[in-house]
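Notes follow the structure.
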Amino acid sequence: MVHKMLGGAALAVAVLMSGSAMAEKRTLVFNTDTSDPAPKAAMEELITLFEAENPDVDVVVNMFDHEGYKTAIRNFLTADAPDVANWYAGNRMAPFVKAGQFTDVSDVWAANGLTDKLSSSLGSMTIDGKQWGVPYTYYQWGIYYNKDLYKKVGVEVPKTWDEFIANCAKFKAAGIDCVTTGSKALWPIAGIFDYLNLRTNGYDFHMQLTNGEVPWTDDRVKATFKEWEKLVGPGYMTANHAALEWQDAAALMVQGKAANYVMGNFAVAVFKDGGMTNDSLGFMVFPEITPGLPKAEEAPTDTFHIPVGAKNVADAKKFLAFAARADVQTALNKTLGQLPVNKESSVDANDPFLTAGFETVSGAAGVAQFFDRDAPAEMAKAGMEGFQEFTIKPDRLDAILERLEKMRQRVYK
Amino acid sequence: MPTFFKMHQRRLAPWLFLAPGALFFLFYVIAPIFESMALSLYDWDGLGEATWIGFGNYVELIGDEAFYISLKNNVLWLVLYMLAIPFGLMIAIFLNQTVWGIRAYKSLFFFPFVISQVVVGLMFSWFYAPNFGLLYTIIEAITGQGVAILADERYVTYGIIAAGLWPQIAYVMILYLTGLNNVAPDQIEAARLDGAKGWKMLWYVILPQLRPATFIAVVVTVIGALRSFDLVSIMTDGGPYGSSRVLSFYMYEQALSEYGYRMGYGAAIAVVLFAIMMVFITGFIWKMWRDEKDH
Chain A
1 MVHKMLGGAA
11 LAVAVLMSGS
21 AMAEKRTLVF
31 NTDTSDPAPK
41 AAMEELITLF
51 EAENPDVDVV
61 VNMFDHEGYK
71 TAIRNFLTAD
81 APDVANWYAG
91 NRMAPFVKAG
101 QFTDVSDVWA
111 ANGLTDKLSS
121 SLGSMTIDGK
131 QWGVPYTYYQ
141 WGIYYNKDLY
151 KKVGVEVPKT
161 WDEFIANCAK
171 FKAAGIDCVT
181 TGSKALWPIA
191 GIFDYLNLRT
201 NGYDFHMQLT
211 NGEVPWTDDR
221 VKATFKEWEK
231 LVGPGYMTAN
241 HAALEWQDAA
251 ALMVQGKAAN
261 YVMGNFAVAV
271 FKDGGMTNDS
281 LGFMVFPEIT
291 PGLPKAEEAP
301 TDTFHIPVGA
311 KNVADAKKFL
321 AFAARADVQT
331 ALNKTLGQLP
341 VNKESSVDAN
351 DPFLTAGFET
361 VSGAAGVAQF
371 FDRDAPAEMA
381 KAGMEGFQEF
391 TIKPDRLDAI
401 LERLEKMRQR
411 VYK
Chain B
414 MPTFFKMHQR
424 RLAPWLFLAP
434 GALFFLFYVI
444 APIFESMALS
454 LYDWDGLGEA
464 TWIGFGNYVE
474 LIGDEAFYIS
484 LKNNVLWLVL
494 YMLAIPFGLM
504 IAIFLNQTVW
514 GIRAYKSLFF
524 FPFVISQVVV
534 GLMFSWFYAP
544 NFGLLYTIIE
554 AITGQGVAIL
564 ADERYVTYGI
574 IAAGLWPQIA
584 YVMILYLTGL
594 NNVAPDQIEA
604 ARLDGAKGWK
614 MLWYVILPQL
624 RPATFIAVVV
634 TVIGALRSFD
644 LVSIMTDGGP
654 YGSSRVLSFY
664 MYEQALSEYG
674 YRMGYGAAIA
684 VVLFAIMMVF
694 ITGFIWKMWR
704 DEKDH
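Structure below.
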């Protein structure tokens with residue numbers, strides 16, 4: 001039945017193509033979920049640049065809603081494949097690679113020396129020794145904080161977790177939430193877990209855990225939760241975060257009701273829309289927990305892929321090579337307000353957050369993709385629900401870990 | 414020579430008229446039911462090969478905590494949703510009078526049923542929202558400590574059901590208002606002469622005449638409760654940590670959401686939900702069939 005549908009789609013495309021052949025241009029169909037303002041502008045810029053260099057190619061963009069895209073991609077890959085689609089690195093692309101939906105683009109990497117230029121993402125783009133797409137941007141996670149509140153309470157930006165917790169006591173006394181989050185959509189809570197685990201047990205352990213190689217009932221996992229307990233127990237986290245969207249929690253920080261927010265760099269735009277400036281908004285790397293442990297960071301990577309059903313593979317590969325180039329990534333990420341993956345690119349020196357992020361991620365001992373991209377979807381969902389439950393009912397920790405362990409044994413067969 | 418059609422015209426015609434509807438029903442309702450049942454015996458991610466695992470999905474359901482939470486919430490929905498019937502009746506009786514401007518009142522009461530469930534869900538989420546929601550601030554003003562209904566596993570399902578009741582009461586009210594139009598005035602007159610009033614009048618004279626309306630109200634309320642999905646999805650997304658899920662939402666989450674794609678497992682949940690619905694549907698059909706026969 002799938003083959004019949006493919007046939008129908010191919011026929012439809014053939015009819016369309018015969019129309020555009022009149023203009024003597026080859027079309028490159030590009031499906032993307034970059035519907036938010038900044039990503040949309042960046043994609044338009046990328047396409048304009050590409051078309052300027054390749055005047056014989058006409059890029060046809062199908063813009064999807066960001067959330068809807070996650071479902072749509074499963075349909076269009078089999079039913080009506082574009083030539084290029086954007087997606088995410090790490091475990092998120094694994095199902096499509098394993099189902100044979102993405103084209104192997106190792107040749108694009110080899111021909112353009114990308115293994116060296118995009119070295120930070122080589123690991124997350126490789127499955128079975130081959131590369132399945134090209135990364136074009138990532139962004140750092142870390143702690144964004146309200147500088148004014150730090151001054152008001154009279155505390156210094158902490159270097160270690162103990163100092164951080166000590167600050168929290170003072171924030172609490174002043175009636176300010178030390179750490180805020182909005183976990184209605186679950187994922188924001190995972191950022192906190194990831195960093196606590198990366199700082200307590202290190203990058204390799206975190207990867208083993210998300211790969212299902214370590215039981216969730218392991219003592220090292222419990223050690224991570226013990227650190228989290230220091231936040232949850234005394235009530236240093238925003239109450240009711242389960243009913244808040246992440247933007248609602250950002251508002252709490254803008255309004256001076258919360259001091260710290262473990263978030264991705266995309267939140268800077270929201271903080272600034274709310275009236276914060278470079279003078280009142282600060283960024284710090286998540287503080288050290290286990291002394292001497294090399295610091296790994298979270299930097300979720302966005303990628304371009306060529307579906308197996310693509311009709312114009314030659315131009316699609318040209319597009320991928322183009323998007324990997326240093327100058328293109330510099331321009332693209334300037335508009336996006338994110339970090340280029342190509343190490344020969346540069347970031348805007350006037351943006352303290354990007355500069356700090358670029359330094360942090362380039363110097364990181366490892367780059368994690370974020371819990372819901374490193375762990376398979378089902379494990380991610382169960383995990384994030386567990387984290388949320390823990391922050392509300394910390395005494396249920398053992399039951400939660402048992403449940404996650406049961407899930408681990410089923411998911412990673 | 415009369416053709417076959419002419420000879421059997423009277424017997425064939427109804428079937429011909431029924432054919433388009435029946436075909437669509439067969440194709441879009443009956444066939445998918447069996448397809449889902451078949452699918453529930455497979456392990457399939459929607460992309461790769463499906464593997465036959467027999468009753469594996471059902472065995473897993475039996476040990477699945479989330480399934481029992483959803484089932485429990487579905488029962489809560491069923492029971493509490495029934496409140497729409499007495500409330501709807503109450504409002505209908507209250508509005509069933511001839512006062513100047515009563516039509517405007519009636520349409521205002523009917524308003525929540527007209528707006529989309531998504532809008533109802535959003536309005537109630539803001540109503541409950543911590544820090545700025547109306548209910549939250551009221552509770553905070555009275556007790557000094559606000560309650561975030563949608564973040565608390567103890568209240569969240571009740572909060573969503575309350576949101577669902579609002580349009581459902583309006584729906585039931587309309588059913589009763591039309592029913593009340595058909596109540597025979599001479600019987601009320603007669604009852605009044607016999608000295609009936611108040612509760613006795615309602616119980617022995619009005620309600621028996623409203624039985625058809627009550628039947629329909631029960632049917633739409635049961636169905637509404639069992640297919641509750643949109644409000645859960647809009648207001649909490651099943652959260653906090655899955656405590657407000659209902660079966661239909663859990664099915665969606667397992668089969669079609671971002672973190673799911675377990676088509677077989679989702680289908681197994683759907684089959685269970687179907688079995689529960691079947692109990693009620695059989696009951697309704699049996700009652701209707703019996704009524705038809707009596708006439």
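Quick note, the sequences are listed as chains A and B, same order.
Residue numbers for the first sequence follow this note's numbering, so the first one is 1 and each next one is one higher.
Residue numbers for the second sequence follow this note's numbering, so the first one is 414 and each next one is one higher.
Idealized CB from N, CA, C, for every residue including glycine.
**Asked** If we ignore side chains and look at the alpha-carbon of each, how far apart do alanine 81/A and threonine 160/A end up?
**Response** Within the first sequence, residue 81/A is the residue found at index 81, counting from 1. Within the first sequence, residue 160/A is the residue found at index 160, counting from 1. Taking the straight line from one Cα to the other gives about 49 Å.
**Prompt:** What are the boundary residues of the beta strand (DSSP E) that includes asparagine 278/A?
**Reply:** Here residue 278/A refers to the residue found at position 278 of the first sequence. Asparagine 278/A -> no beta strand (DSSP E), and no H or E assigned at all.
**Request:** Name, please, each residue of chain A whose Cβ falls closer than 9 Å to the Cβ of aspartate 458/B.
**Result:** Against the second sequence, residue 458/B aligns to sequence position 45. Those within 9 Å of aspartate 458/B in chain A are Pro95, Ala99.
**Asked** Shorter than 8 Å from the beta carbon of proline 499/B to some beta carbon of chain A?
**Response** Residue mapping note: residue 499/B aligns to position 86 of the second sequence, counting from 1. Taking 8 Å as the CB threshold, proline 499/B stays off the interface with chain A.
**Request:** Say whether the region 226–234 of chain A touches the region 310–320 of chain A, bearing in mind that this needs 3 or more beta-carbon pairs closer than 8 Å, one atom from each stretch.
**Result:** Contact between the region 226–234 of chain A and the region 310–320 of chain A is absent, because fewer than three Cβ pairs lie under 8 Å.
**Prompt:** If the cut is a Cβ gap below 9 Å, which residues of chain A does leucine 452/B touch?
**Reply:** Within the second sequence, numbered from 1, the residue matching residue 452/B stands at position 39. For the C-beta of leucine 452/B, not a single chain A residue is nearer than 9 Å; the gap to the nearest is close to 14 Å.
**Request:** Excluding the 5 residues preceding and the 5 following glutamate 51/A in the sequence, name in chain order all residues of the same chain whose CB lies nearer than 8 Å to its CB.
**Result:** Residue numbering aside, residue 51/A sits at position 51 when the first sequence is read from its first letter. Hits under 8 Å: Val57, Asp58, Val59.
**Request:** Indicate the three-state DSSP secondary structure (helix, strand or coil) for isoleucine 528/B in the structure shown.
**Result:** Walking along the second sequence from the start, residue 528/B turns up at place 115. Assigned with DSSP and collapsed to three states, isoleucine 528/B falls in coil, not helix or strand.
**Item:** For alanine 688/B, the nearest candidate out of Leu669/B, Arg703/B, Tyr665/B, Leu660/B (CA to CA)
**Value:** Taking the first residue of the second sequence as 1, we reach residue 688/B at position 275. Checking every option, the nearest Cα to that of alanine 688/B belongs to Leu660/B.
**Request:** Kindly confirm or deny that the region 553–562 of chain B and the region 592–611 of chain B touch, where touching means at least three C-beta pairs closer than 8 Å.
**Result:** By the criterion of at least three beta-carbon pairs nearer than 8 Å, the region 553–562 of chain B is not in contact with the region 592–611 of chain B.
**Asked** So is methionine 534/B in contact with chain A if we call contact Cβ pairs under 8 Å?
**Response** The sequence position of residue 534/B within the second sequence is 121, counting from 1. This sequence places glycine at residue 534/B; methionine is not what is there. Taking Cβ atoms only, chain A never reaches closer than 8 Å to glycine 534/B, which makes this a no.
**Under 8 Å between C-beta atoms of glycine 46/A and leucine 332/A** = Start at 1 with the first residue of the first sequence, and residue 46/A comes out as number 46. Start at 1 with the first residue of the first sequence, and residue 332/A comes out as number 332. For the record, residue 46/A in the displayed sequence is leucine; it is not glycine. Yes, the pair counts as a contact, with Cβ atoms nearer than the cut-off.
**Asked** In whole angstroms, what separates the C-alpha of phenylalanine 370/A from that of leucine 623/B?
**Response** Taking the first residue of the first sequence as position 1, residue 370/A is located at position 370. Taking the first residue of the second sequence as position 1, residue 623/B is located at position 210. Distance between phenylalanine 370/A and leucine 623/B, taken at the CA atoms: about 59 Å.
**Any non-hydrogen atom of the ligand SAH closer than 7 Å to tyrosine 584/B Cβ** = As presented, the structure is devoid of all ligands, the ligand SAH included, so that no description of it is given.
**Item:** Rounded C-alpha distance that separates proline 188/A from tyrosine 654/B
**Value:** In the first sequence, counting from the first residue as 1, residue 188/A sits at position 188. In the second sequence, counting from the first residue as 1, residue 654/B sits at position 241. Here the alpha carbon of proline 188/A sits roughly 13 Å from the alpha carbon of tyrosine 654/B.
**Request:** For serine 346/A, collect the residues of the same chain with a Cβ closer than 6 Å to its Cβ; drop the 5 residues on either side in sequence, then sort them by chain order.
**Result:** Translated into positions along the first sequence, residue 346/A becomes position 346. Thr330, listed in sequence order.
**Asked** Residues in its own chain within less than 6 Å of methionine 22/A by CB, not counting five upstream and five downstream?
**Response** Taking the first residue of the first sequence as position 1, residue 22/A is located at position 22. Here the model assigns methionine 22/A a pLDDT of 46, short of 50, so the residue's position is not dependable, and the following value carries that caveat. So the list is empty, once near-sequence residues are dropped.
**Item:** Backbone secondary structure at phenylalanine 468/B - three-state DSSP
**Value:** Your numbering for residue 468/B matches position 55 in the second sequence. Phenylalanine 468/B: coil per DSSP, three-state reduction.
**Message:** To the nearest angstrom, how far is the alpha carbon of tryptophan 87/A from that of glycine 383/A?
**Reply:** Counting from 1 along the first sequence, the entry for residue 87/A is found at position 87. Counting from 1 along the first sequence, the entry for residue 383/A is found at position 383. Roughly 22 Å separates the two Cα atoms.
**Asked** Are alanine 638/B and leucine 588/B touching if we call contact CB-CB under 8 Å?
**Response** Stepping through the second sequence from its first residue, residue 638/B is reached at position 225. Stepping through the second sequence from its first residue, residue 588/B is reached at position 175. No; because the gap between Cβ atoms is not below 8 Å, this pair is not in contact.
**Request:** For chain B, find out if any of its Cβ atoms is closer than 8 Å to the Cβ of threonine 103/A; answer yes or no.
**Result:** Position 103 of the first sequence, counted from the first residue, corresponds to residue 103/A. Using a CB distance cut-off of 8 Å, threonine 103/A does not count as an interface residue toward chain B.
**Prompt:** Cα separation between aspartate 327/A and threonine 137/A?
**Reply:** Here residue 327/A is taken as the residue at index 327 of the first sequence, counted from 1. Here residue 137/A is taken as the residue at index 137 of the first sequence, counted from 1. One alpha carbon belongs to aspartate 327/A, the other to threonine 137/A, and they sit about 13 Å apart.
**Prompt:** In three-state DSSP terms, what is proline 499/B?
**Reply:** Residue numbering aside, residue 499/B sits at position 86 when the second sequence is read from its first letter. In the structure shown, proline 499/B falls within a helical segment according to DSSP collapsed to helix, strand and coil.
**Message:** For a cutoff of 8 Å on Cβ pairs, would you count glycine 655/B as touching chain A?
**Reply:** Here residue 655/B is taken as the residue at index 242 of the second sequence, counted from 1. Yes, because at least one Cβ of chain A sits closer than 8 Å to the Cβ of glycine 655/B.
**Request:** Check whether the Cβ atoms of tyrosine 672/B and alanine 190/A lie closer than 8 Å to each other.
**Result:** The count along the second sequence starts at 1 and reaches residue 672/B at position 259. The count along the first sequence starts at 1 and reaches residue 190/A at position 190. In this structure, alanine 190/A does not lie closer than 8 Å to tyrosine 672/B by Cβ.
**Prompt:** For glycine 652/B, which residues in chain A fall below 9 Å Cβ to Cβ?
**Reply:** In the second sequence, residue 652/B corresponds to position 239, counting from 1. Chain A residues near glycine 652/B: Ser183, Lys184, Ala185, Leu186, Ala242, Ala243, Glu385, Gln388.
**Prompt:** Between which two residues does the alpha helix (DSSP H) harbouring aspartate 177/A extend?
**Reply:** Here residue 177/A is taken as the residue at index 177 of the first sequence, counted from 1. No alpha helix (DSSP H) contains aspartate 177/A, which is instead part of the beta strand (DSSP E) from 177–180.
**Request:** Return the CA-CA distance between serine 120/A and alanine 583/B, expressed in angstroms with no decimal places.
**Result:** Sequence index remark: in the first sequence, residue 120/A carries index 120 (1-based). Sequence index remark: in the second sequence, residue 583/B carries index 170 (1-based). Cα to Cα, the separation comes out at about 59 Å.
**Message:** Excluding the 5 residues flanking lysine 25/A on each side, which residues of the same chain have their C-beta closer than 8 Å to its C-beta?
**Reply:** If you number the first sequence from 1, residue 25/A lands on position 25. Non-local beta-carbon contacts of lysine 25/A in its own chain, meaning distances under 8 Å to residues more than five positions away in sequence, involve Asp56, Val57, Asp58 in chain order.
**Request:** Give the straight-line distance between the Cα atoms of glycine 469/B and serine 453/B, rounded to the nearest whole angstrom.
**Result:** Residue mapping note: residue 469/B aligns to position 56 of the second sequence, counting from 1. Residue mapping note: residue 453/B aligns to position 40 of the second sequence, counting from 1. Glycine 469/B and serine 453/B have their C-alpha atoms spaced approximately 9 Å apart.
**Asked** Starting from histidine 206/A and walking both ways along the alpha helix (DSSP H), at which residues does that stretch end?
**Response** Your numbering for residue 206/A matches position 206 in the first sequence. From DSSP, the alpha helix (DSSP H) with histidine 206/A extends over 203–210.
**Prompt:** What does DSSP give as the partner residues of isoleucine 689/B in its beta bridges?
**Reply:** Indexing the second sequence from 1 puts residue 689/B at position 276. Its beta-bridge partners do not exist; DSSP assigns none.
**Message:** So that I know if they touch, is there some Cβ in chain A lying closer than 8 Å to that of glycine 461/B?
**Reply:** Counted from its first residue, the second sequence places residue 461/B at position 48. Using a Cβ-Cβ cut-off of 8 Å, glycine 461/B counts as an interface residue toward chain A, since at least one Cβ of chain A sits closer than that to its own.
**Prompt:** Can you give the Cα-Cα distance for leucine 397/A and asparagine 167/A, rounded to whole angstroms?
**Reply:** Against the first sequence, residue 397/A aligns to sequence position 397. Against the first sequence, residue 167/A aligns to sequence position 167. Approximately 25 Å, taken between the alpha carbons.
**Prompt:** Shorter than 8 Å from the beta carbon of threonine 71/A to some beta carbon of chain B?
**Reply:** Along the first sequence, read from residue 1 onward, the residue named residue 71/A stands at position 71. The beta carbon of threonine 71/A sits closer than 8 Å to some beta carbon of chain B.
**Prompt:** Can you name, in chain order, every residue of its own chain whose Cβ lies under 6 Å from the Cβ of phenylalanine 456/A, other than the five neighbours on each side?
**Reply:** The shown model of chain A, from 1 to 413, leaves out residue 456/A, and the question about it has no answer.
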